[in-house]
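Participant: Provided herewith is a single structure, encoded as structure tokens, for subsequent inquiry.
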Amino acid sequence: MGKICSKCKIEKELGEYHKYKNSKDGVKNICKKCISDNNKKPENKEKINIRNRNWRNENNEKIKEYRKKDYNKNKEKIILKSKEWRLNNSEKYKELSDSYREKNSDLLKIKKKQYRGKNREKLLKLTKKWVVDNYAK
Ligand SMILES: [Zn+2]
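For what it's worth, this note's numbering labels the leading residue of the sequence shown as 87, then goes sequentially.
Now the structure itself:
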């Protein structure tokens, strides 16, 4: 069963209304679309902005303090955790990075060799061509 919006007078599903505890059917009398349209009106936008700004101004100190506390709490937690992790995993960590380096040093060596090999041939060819072009005439 739908409900008729008291603003646009269109019957809409209850899902189209914001929840509102104090009303009989648990939703507001004005549909979501009407509320958002209403909020989009310039004069209302300004009102909302002022309200938000006032709220922020009034609560600025509180917010700052709260954030600081939160940050400090988390910072300590994070530091502790990473310390713990390193202590618990120092062997594993070392192993991992060692094996990674080993694997990659081989790979790097091979790549370097390949690169030098390929380019030596190219260079030789280029040099030969240059010599032929310049002296063999
Ligand atoms: Zn409506």
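Where is the CB? At the ideal position from N, CA and C, for every residue including glycine.
1. Enumerate in chain order the residues of its own chain whose CB-to-CB distance from LYS118 is below 8 Å, with the five nearest sequence positions on each side excluded.
2. To the nearest whole angstrom, what separates the beta carbons of LYS93 and LEU100, a pair I think is in contact under 8 Å?
3. Is it right to say VAL217 is buried, meaning 16 or more other beta carbons lie within 10 angstroms of its own, or is it exposed?
4. Under 8 Å: does the beta carbon of LYS98 sit that close to some heavy atom of ligand 1?
5. Going by DSSP, which residues form a beta bridge with VAL113?
Facilitator: Reading from the atomic positions:
1. GLU102, TYR103 and HIS104
2. With 8 Å as the limit, LYS93 and LEU100 do not qualify as a contact, their Cβ atoms being about 16 Å apart.
3. exposed
4. yes
5. LYS105
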